[in-house]
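The end of the first sequence is residue 992 by my numbering, with every number in the run present. Where is the CB? At the ideal position from N, CA and C, for every residue including glycine. On a predicted model such as this, the values are computed, not experimentally measured, just so you know.
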Amino acid sequence: MFTMGGGHWVRGIVDEIIKRGDERIVIHTGKTPSGPIHIGAEREQFICSAIQRELERRGIDSTFNFIIDSYDPIKSIPAGLTVPKGFEEELGKPLSAVPDPFGCHSSYAHHFAEEFIRCQPEFGLSPNIIYSHELYTKPEMKGAIKTVLMKLDQLKAIRRKYLHLPEEDGTADDWNPVMAVCEECGRIASMKREVIPNKIDSWDLEKDEITYTCSACGHKGQGKIRDLSLKLSWRVDWSAKWAVFRVTCEPAGKDHCVKDGAYDMGLEVCQEIFGYRGPLRVSYEWLTLGEHAMKTHKGITFTPMEWIKIAPPEALRHLILSADPMRHISFLPERIPDIVDNFDRLERIYYGIEAPPPTEDLEYLRDLYALCVKEKPHESAPARLPYRFAATIVQLEPILGSDKVIAKSVEYAARLHMKTSLSEYEASDVARRLSMASNWVSLYAPAQARFKLSTGALDIRISDETERKFVGSVAGLLERDLSESDLQNGIFETARTLGMEIGKAFAVLYRILIGSERGPRLAPLLLALDRDWVVERLRSAVQ
RNA sequence: GGGCCUGUAGCUCAGUACGGUAGAGCGAUGGGCUCUUAACCCAUUGGCCAAGGGUUCAAAUCCCUUCAGGCCCGCCA
Numbered sequence: 450m451f452t453m454g455g456g457h458w459v460r461g462i463v464d465e466i467i468k469r470g471d472e473r474i475v476i477h478t479g480k481t482p483s484g485p486i487h488i489g490a491e492r493e494q495f496i497c498s499a500i501q502r503e504l505e506r507r508g509i510d511s512t513f514n515f516i517i518d519s520y521d522p523i524k525s526i527p528a529g530l531t532v533p534k535g536f537e538e539e540l541g542k543p544l545s546a547v548p549d550p551f552g553c554h555s556s557y558a559h560h561f562a563e564e565f566i567r568c569q570p571e572f573g574l575s576p577n578i579i580y581s582h583e584l585y586t587k588p589e590m591k592g593a594i595k596t597v598l599m600k601l602d603q604l605k606a607i608r609r610k611y612l613h614l615p616e617e618d619g620t621a622d623d624w625n626p627v628m629a630v631c632e633e634c635g636r637i638a639s640m641k642r643e644v645i646p647n648k649i650d651s652w653d654l655e656k657d658e659i660t661y662t663c664s665a666c667g668h669k670g671q672g673k674i675r676d677l678s679l680k681l682s683w684r685v686d687w688s689a690k691w692a693v694f695r696v697t698c699e700p701a702g703k704d705h706c707v708k709d710g711a712y713d714m715g716l717e718v719c720q721e722i723f724g725y726r727g728p729l730r731v732s733y734e735w736l737t738l739g740e741h742a743m744k745t746h747k748g749i750t751f752t753p754m755e756w757i758k759i760a761p762p763e764a765l766r767h768l769i770l771s772a773d774p775m776r777h778i779s780f781l782p783e784r785i786p787d788i789v790d791n792f793d794r795l796e797r798i799y800y801g802i803e804a805p806p807p808t809e810d811l812e813y814l815r816d817l818y819a820l821c822v823k824e825k826p827h828e829s830a831p832a833r834l835p836y837r838f839a840a841t842i843v844q845l846e847p848i849l850g851s852d853k854v855i856a857k858s859v860e861y862a863a864r865l866h867m868k869t870s871l872s873e874y875e876a877s878d879v880a881r882r883l884s885m886a887s888n889w890v891s892l893y894a895p896a897q898a899r900f901k902l903s904t905g906a907l908d909i910r911i912s913d914e915t916e917r918k919f920v921g922s923v924a925g926l927l928e929r930d931l932s933e934s935d936l937q938n939g940i941f942e943t944a945r946t947l948g949m950e951i952g953k954a955f956a957v958l959y960r961i962l963i964g965s966e967r968g969p970r971l972a973p974l975l976l977a978l979d980r981d982w983v984v985e986r987l988r989s990a991v992q
């Protein structure tokens with residue numbers, strides 16, 4: 450079918466952003482650090498990053514803020530997280546006030562937020578980080594709280610509309626979005642059975658005074674708005690930030706973007722209560738881990754930190770930015786080699802080494818590649834070590850030693866790209882991929898991608914007469930201490946002389962050594978092993 | 001109960017805004033390679049486009065209904 454061209458979908462988003470005519474373009478994203486932050490959250494980050502790059506390409510400057518919702522209460526302890534005894538006592542406190550269960554950061558919020566933030570430069574982004582527990586001490590947020598109290602009736606009416614609450618006469622609605630952190634117990638909500646926020650009881654804007662009752666410990670407190678630790682509840686909190694920062698665009702998960710969902714209500718609150726038009730909505734689908742949605746509280750997660758250990762960050766950008774935001778992405782760590790290969794293919798297409806599939810729009814592919822690399826594309830195609838190769842050769846490290854593994858990999862990458870030597874970047878990229886592949890093999894590789902020397906009792910016996918002769922001859926070759934290439938050639942010649950199919954000949958050796966039909970290049974493998982052991986192994990298989 | 005998104009080869013997905021005889025990658029199978037670091041090259045295989053109905057000369061694409069999965073309507077990308 451005829452493709453329209455037109456490049457990457459982010460161009461359309463940027464067109465709309467520009468149409469708004471905002472004085473200053475501010476892109477926002479946010480995340481609650483309620484536990485390990487998984488790679489699903491990167492979808493939002495990458496969309497923002499792509500928007501920012503597209504703006505930059507058009508010569509437009511922008512601000513990219515990442516709000517850490519550290520002031521939200523901790524509502525549960527995520528499954529799989531080991532916490533000190535008595536940690537349940539912390540439930541209901543703001544995440545920024547809960548101690549780090551690992552003891553390495555100043556709070557629970559900081560621990561998980563920092564772990565995520567630390568990875569971001571690796572993925573080619575560096576948003577401004579804003580912790581909401583700090584933000585709420587600022588006069589702008591105090592002002593938003595006052596505005597909310599001033600227009601509370603109007604706000605209640607908006608809320609009732611969105612939550613489809615039964616029409617009431619209005620007097621019974623004691624909802625209030627202003628929450629107070631209890632000065633006695635430090636909680637902002639109680640967590641028995643259900644979440645009950647600490648609402649304020651009374652307020653006097655003239656005198657700047659507020660009273661509240663703690664839903665957890667029952668403490669009754671009072672104080673001035675500027676002194677008390679106050680927070681707005683979710684949907685109002687969101688629009689207050691939009692208004693305070695004059696946000697141009699904030700992507701959000703599809704859960705918030707449904708009709709009458711948090712985004713719809715937030716926009717109306719933003720306009721009616723705070724007098725700001727609100728951001729452009731970009732909604733996106735979730736990433737799933739196989740068939741399951743990633744859920745922090747259920748402990749089903751895969752974090753950016755874990756990604757970096759097993760695969761290049763560009764490959765995650767590619768996985769996410771190549772998909773339409775409204776389609777869900779199903780990720781499984783077992784598929785990492787495919788995912789990395791896909792990125793490598795795009796890279797080769799970008800540099801004209803490989804022809805694009807006939808149905809694909811080249812302009813789109815070029816856009817996409819520029820959005821996937823960490824900074825700017827290299828001047829020429831970098832020589833990459835194929836991930837599958839890496840995943841194979843690292844398994845020889847115990848017998849080859851790491852120096853040899855690296856040397857062979859560098860040599861292979863250079864040969865593939867018809868280079869005589871690798872640049873410093875290329876060589877370090879090869880080393881990185883080897884260590885990633887090594888982690889992947891030990892953590893996630895399916896059985897068929899792994900091999901192990903069969904050192905135990907030999908459980909196969911070669912009965913075919915030709916095969917027996919062949920194996921015997923190879924054992925003889927080994928005893929002659931040949932060079933690598935002579936040995937490799939010798940094996941081929943032996944097979945040919947005996948009239949064996951090459952594939953079958955190799956298969957029989959692999960079966961004896963690693964119990965598989967195929968394996969890593971044979972001569973180096975044989976030479977890396979203890980000679981007498983291999984000879985004995987081969988001979989006993991054909992006895 | 002109300003609403004949104006998704007369903008295309010064994011797997012992952014393009015193609016749906018603007019209807020014009022089903023595409024890619026991976027896999028599988030076969031072959032080739034003076035010859036394999038699970039490589040590479042070539043070929044083959046593969047699909048009632050979830051199901052049914054409608055509109056049309058023509059539907060994966062537009063409309064209606066049904067089914068399945070995910071999600072929202074209370075905090076949670």
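Checking the DSSP bridge columns, you'll see Gln992 has no partner listed. Excluding its 5 nearest sequence neighbours in each direction, Pro533 has C-beta neighbours in its own chain below 7 Å: Pro550, listed in chain order.
When secondary structure is reduced to three states using DSSP, Ala862 falls in the helix class. Rounded to the nearest angstrom, the gap between the Cα atoms of Ile785 and Pro762 is 12 Å. Under the three-state reduction of DSSP, Thr946 is assigned to helix.
Classified as buried, Thr478 has 16 or more neighbouring CB atoms from the shown chains inside 10 Å of its CB. Annotation for Trp691: Cys719, Gly727, Pro728 place their beta carbon closer than 6 Å to its own, counting only its chain and skipping 5 residues before and after. Boundaries of the beta strand (DSSP E) harbouring Asp653: 649 to 653, taken from the DSSP string. Taking the CA atoms as reference points, Leu540 sits about 17 Å from His582. Between the region 487 to 499 and the region 844 to 854 there are fewer than three inter-stretch CB-CB distances shorter than 8 Å, so the stretches are not counted as touching. Annotation: the region 742 to 804 contains the following complete segments of the beta strand (DSSP E) (minimum length 3 residues), in chain order: 778 to 780. When rounded, the separation of the alpha-carbon atoms in Ala772 and Glu783 is 19 Å. In the three-state reduction of the DSSP assignment, Val920 falls in the helix class, which pools H, G and I.
Taking 8 Å as the cut-off, the Cβ atoms of Leu765 and Leu820 do not count as close. Counted as a single uninterrupted DSSP element, the alpha helix (DSSP H) harbouring Arg460 occupies residues 459 to 469. Inclusion of Tyr799 and Leu834 in the CB contact set at 8 Å is not warranted, their separation being larger than that value. Collapsing the DSSP output to three states places Cys568 in a helix. In the three-state reduction of the DSSP assignment, Cys821 falls in the helix class, which pools H, G and I. For His554, no alpha helix (DSSP H) run applies, since DSSP gives it neither H nor E. Thr512: member of the beta strand (DSSP E) spanning 511 to 517, first to last residue.
Per DSSP, reduced to three states, the secondary structure at Cys706 is helical. The shortest C-alpha to C-alpha distance from Glu824 to any of Val475, Arg506, Arg469 is the one to Arg506. Here Met628 carries a strand assignment [DSSP, helix/strand/coil]. Listed as beta-bridge partners of Cys698 by DSSP are Ile476, Leu729. The beta carbons of Lys669 and Thr662 sit closer together than 8 Å.
Shown here for Phe792: same chain residues with a beta carbon closer than 6 Å to its own, the five before and five after excluded, namely Glu763, Ala764, His767 in chain order. By a beta-carbon distance limit of 8 Å, Pro826 contacts Tyr818. Their separation comes to about 7 Å.
By the criterion of a C-beta distance shorter than 6 Å, Ser639 is surrounded in its chain by Gly541, Ile645, Ser664, Ala665, once the five residues flanking it on both sides are discounted.
Between the alpha carbons of His777 and Glu755 lies a gap of roughly 21 Å. Nearest in C-alpha terms to Lys868, of all of Asp713, Val731, Ser829, is Ser829. Ranked by how close their Cα comes to the Cα of Pro774, the residues Ala804, Ser732, Thr737 have Ser732 in first place.
Distances from the alpha-carbon of Leu601 to those of Asp676, Gln671, Asp979, Val685 put Val685 closest.
Around Ala990, the same chain offers Leu907, Ile909, Arg910, Ile911, Val920, Ile961 as residues with beta carbons nearer than 8 Å, after the five sequence neighbours per side are excluded. Comparing alpha-carbon positions, the option among Leu892, Trp624, Thr915 lying closest to Gly948 turns out to be Thr915.
In terms of Cβ geometry, Ala558 and Ser575 do not form a close pair [threshold 8 Å].
Gly964 is positioned such that its CB atom lies closer than 8 Å to that of Ser903.
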